[in-house]
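A.B. asks:
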Amino acid sequence: MTRHRSGLSRFLHDIVADIKDLLDDVTDSLGDVEHDTRASVSRALRPDDHDRRDGRDGERRRERYDDRAGDRADGFASELTGLREELHRLVELLEKDEESTRAGAKTGSASK
Numbered sequence: 000m001t002r003h004r005s006g007l008s009r010f011l012h013d014i015v016a017d018i019k020d021l022l023d024d025v026t027d028s029l030g031d032v033e034h035d036t037r038a039s040v041s042r043a044l045r046p047d048d049h050d051r052r053d054g055r056d057g058e059r060r061r062e063r064y065d066d067r068a069g070d071r072a073d074g075f076a077s078e079l080t081g082l083r084e085e086l087h088r089l090v091e092l093l094e095k096d097e098e099s100t101r102a103g104a105k106t107g108s109a110s111k
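Numbering of the sequence shown is given in numbering that gives the first Met the number 0, commencing with residue 0 and proceeding in unit increments.
1. Using the Cα positions of T88 and E78, report the straight-line distance between them to the nearest angstrom.
2. Does S77 come out as helix, strand or coil in the three-state DSSP assignment?
3. Hey, could you find the ends of the alpha helix (DSSP H) S28 is sitting in?
Laid out in structure tokens, this is it:
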């Protein structure tokens, strides 16, 4: 004799089965994303001379990349210089504010 499931146990069984399927799909998708991410990062970090797809354009691509890296470094250097100047200006303003606060405190304590 076969035992028939009640409506509630079948309902719970279906929910559990659906959750298992969902988790399997999510796990598979995450594995694919991890694989693709690793491959992309590896390709991005690989030097151009190891890139098999370069062919004869390898030198030109490498030069173009080096130029962009130099431009970015120049941009960072000028931005860093600007930030240092701004920091210096803010330090001067803070020092002036401290001096005026001290002068005001001395004047206030002398008048008491």
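C-beta: ideal position from N, C-alpha, C; glycine also.
C.D. replies: Let me lay it out:
1. Inspection of the sequence shows that residue 88 is occupied by Arg rather than by Thr. One C-alpha to the other measures close to 15 Å.
2. helix
3. 6-44
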